[in-house]
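Asks:
Residue numbers (full-length UniProt numbering): 1 to 717.
#1: What first and last residue would you give for the beta strand (DSSP E) that runs through residue 474?
#2: Work out the CA separation of residue 594 and residue 369 for me, nearest whole Å.
#3: So, with DSSP's three-state summary, where would you put residue 275?
#4: Would you list the residues sitting across from residue 723 in a DSSP beta bridge?
#5: Quick one: grab the DSSP three-state call for residue 344.
#6: Relative to the C-alpha of residue 98, which residue among 521, 401, 219, 207 is closest?
#7: Do the segment 261-273 and the segment 563-576 meet, that is, are 3 or more Cβ pairs less than 8 angstroms apart?
#8: Is it the case that the CB of residue 603 approaches a heavy atom of the ligand ZN more closely than 7 angstroms?
#9: With distances taken Cα to Cα, identify the nearest neighbour of residue 406 among 352, 356, 307.
#10: In three-state terms, what does DSSP make of residue 655?
#11: Just to confirm, are residue 150 and residue 500 a CB contact at a threshold of 8 angstroms?
#12: Taking only three categories from DSSP, how would you classify residue 599?
#13: Output yes or no for whether 8 angstroms exceeds the beta carbon distance between residue 169 and residue 234.
#14: Can you tell me where the beta strand (DSSP E) holding residue 395 begins and where it ends?
#15: Any chance you could list the beta strand (DSSP E) runs of at least 3 consecutive residues sitting entirely within the segment 494-523, in chain order?
#16: Would residue 332 pass as a contact of residue 584 if the rule is Cβ separation under 8 angstroms?
#17: Among all the DSSP beta bridges, which residues are the ones paired with residue 307?
#18: Going by C-alpha to C-alpha distance, which of 460, 491, 350, 533 sits closest to residue 225?
#19: Taking DSSP as the reference, what is the three-state secondary structure of residue 559?
#20: Closest to residue 417 by CA distance: which of 464, 366, 439, 456 is it?
#21: Please report how far the alpha carbon of residue 142 lies from the alpha carbon of residue 292, in whole angstroms.
#22: Would you decide whether residue 95 is buried or exposed? Buried here means 16 or more other CB atoms lie within 10 Å of its CB.
#23: Considering just the uninterrupted stretch of the alpha helix (DSSP H) at residue 416, what are its terminal residues?
#24: Considering residue 405, what are the terminal residues of the beta strand (DSSP E) in which it resides?
#25: Based on Cα-Cα distance, which residue from 299, 112, 481, 146 lies nearest to residue 281?
#26: Does DSSP put residue 377 in a helix, a strand or coil?
#27: Please specify which runs of the alpha helix (DSSP H), each continuous and at least 4 residues long, are wholly inside the segment 185-254, giving them in chain order.
#28: Ordered along the chain, which non-local residues of its own chain (more than five positions away) have a Cβ less than 6 angstroms from that of residue 445?
#29: Under a Cβ-count criterion, where at least 16 other Cβ atoms within 10 Å of its own Cβ denotes burial, should residue 605 be classed as buried or exposed?
#30: Our contact map puts residue 175 next to residue 206 with C-beta atoms below 8 angstroms; I'd like the distance itself, whole angstroms only.
#31: May I ask which residues mark the beginning and end of the alpha helix (DSSP H) holding residue 370?
#32: What residue does the alpha helix (DSSP H) around residue 86 start on, and which one ends it?
#33: Using a Cβ distance threshold of 8 angstroms, determine whether the segment 525-533 contacts the segment 547-554, with at least three qualifying pairs required.
#34: With distances taken between CB atoms, is the gap from residue 498 to residue 228 smaller than 8 angstroms?
#35: Roughly how many angstroms separate the alpha carbons of residue 20 and residue 576, rounded to a whole number?
#36: Suppose you measure from the CA of residue 388 to the CA of residue 612; what does that come to, to the nearest Å?
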């Protein structure tokens, strides 16, 4: 047996998976969860399941006089509403059906057009060779060969382009290069006693002016949609020069540590953070494993991760494991641990008739706990890996807002309970109670025992909440929702996938085909919004289902793994090792075109974060972001890793790639108060908890000033 054959056998062997036979969750945790689900006190406030309303009709004594019960919906009064509702609703649904049929014909025409007009001859053979590659290096070589054939390399050499300000970028590159050269010359010539650094001040001023999100359009996805590999040479030169300038400032001993920290904090605020968002989609979510594996192997997996429904399970696995563990886990053998749907159809039918759900909640909790390393909380996962996990959950009642559970909003919430809540699709899994871990390690209901359901119903991709909590303004969305994937169409190409018609300057299917596709899709969206705003849509199970179509499903970069028809047949089935291997491979291939764009983004972001965390310990200590008094103040593993491992290694065991590829390992948190040395944290724990401190802790998420509340801290002490 050759070495390649032995490696292939290993990836299918479940014994090679770390902790394969280990059951992380304690039986008492499951028992406490089951008791919370059946608690009589909370059942009076929330529905038992999606099919049983909160307030049920009660038979009254016959001797008493019955009071009139209002049956009119206050928001839908009026004779015309009653008369016109159903005729108008059926008319609109009929028109949407016609539009859907026309849309299917249009897409079929575009596919035929591309096959007969765009993809012919050598272009087709080169594209097939591109899709055969299973690693990024080979894929990049094939992509460059295709670009050479299509003439895209000449496009890179021309600075002018309508979607960014090439004049500003060209001028700025020259200024940055000159300022950096002056700083490096000053560092070599001046003695160590000198404290003046005018050249460094000029360079800092230039960086503070240009290091911003999408400055002059350099992060416009269109810049990466004209070729299969890379972008304009001028844009690449600008990004590399900015990274070098940031590193020069960080290594300049003539600039004080306090000034460096303030400089990097300013850059961090303006530039923002990057997050990867994993959508829902039942078993389609297993394509996320391949996307995560491609980003991990190329050192560009962001530290901020959010998941919804099926994506929450994948996000939980990523956020609770280190890089070394993930490389061993994201293999086809992982399919042997995915066994939540192992029961027969007779068991499903009986359970659905008895409880209104296809799957058993406690069984899913047991299986899900392995992916979350038992009853790990959001804070404990952050402490272990440095990754920030976010899970979207929708309340069972239609009036309360959704939540984005993470180590800031719900630090002691148990991850597997949030994953279950985010996957509780009505009719598939009943709403569940979130669980919180108490000081003694036992579990208790979270948020008054209210129940939660599938996050995809309202917030499949929580972009606003991520920006609010972590200043995320660059999102990488892996979208596999089947009802959305069918309507994805990029008429002018997407990142790493240009339009080949007219050498990338045309439209997919020609201008007429793209125009018809866009018009039909927008018209369907318009009529769905009309129905929602006029409150004509029915609400089965008490849920507004319009948001599963009308919310935003894309990000700055959107990865759409290519599905096959059989995925719909297995949409609620556990995958075999062979099927998971195919999904891993397709997930990786769908992420390859985006990697260069992500690398360029993280080059600057990681250089900023590395400098920010390196000099954060030099500022004056501030009070910690305290949680409730019964929760212990967690240790800060990231600070300890930086103290002991830099400059040789970076968090999560990643090597410093700044010299070779320009990519530094992402650093977990923007919260500078958590970056203080352990000694200062121990001193700060002695301050007494109060309502004022809790309010200050929450507000400090948005205000990161080192001297904030200094006078109040002295009074408390």
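Where is the CB? At the ideal position from N, CA and C, for every residue including glycine.
Replies: For this structure:
#1: 472-478
#2: 32 angstroms
#3: strand
#4: The requested residue 723 is not part of the displayed model; the chain covers only 1 to 717.
#5: coil
#6: 521
#7: no
#8: Only the bare structure without any ligand can be found here, which leaves the ligand ZN out of the picture.
#9: 307
#10: Unreliable positioning characterises residue 655 in this predicted model, as indicated by a pLDDT of 38, which lies under 50. The coordinate reading is nonetheless provided below. Reduced to three states, the DSSP call for residue 655 is strand.
#11: yes
#12: helix
#13: yes
#14: 388-395
#15: none
#16: yes
#17: 278, 391
#18: 491
#19: strand
#20: 366
#21: 22 angstroms
#22: exposed
#23: 415-422
#24: 403-405
#25: 481
#26: strand
#27: 198-210, 233-251
#28: 36, 433
#29: buried
#30: 6 angstroms
#31: 361-371
#32: 79-113
#33: yes
#34: yes
#35: 16 angstroms
#36: 18 angstroms
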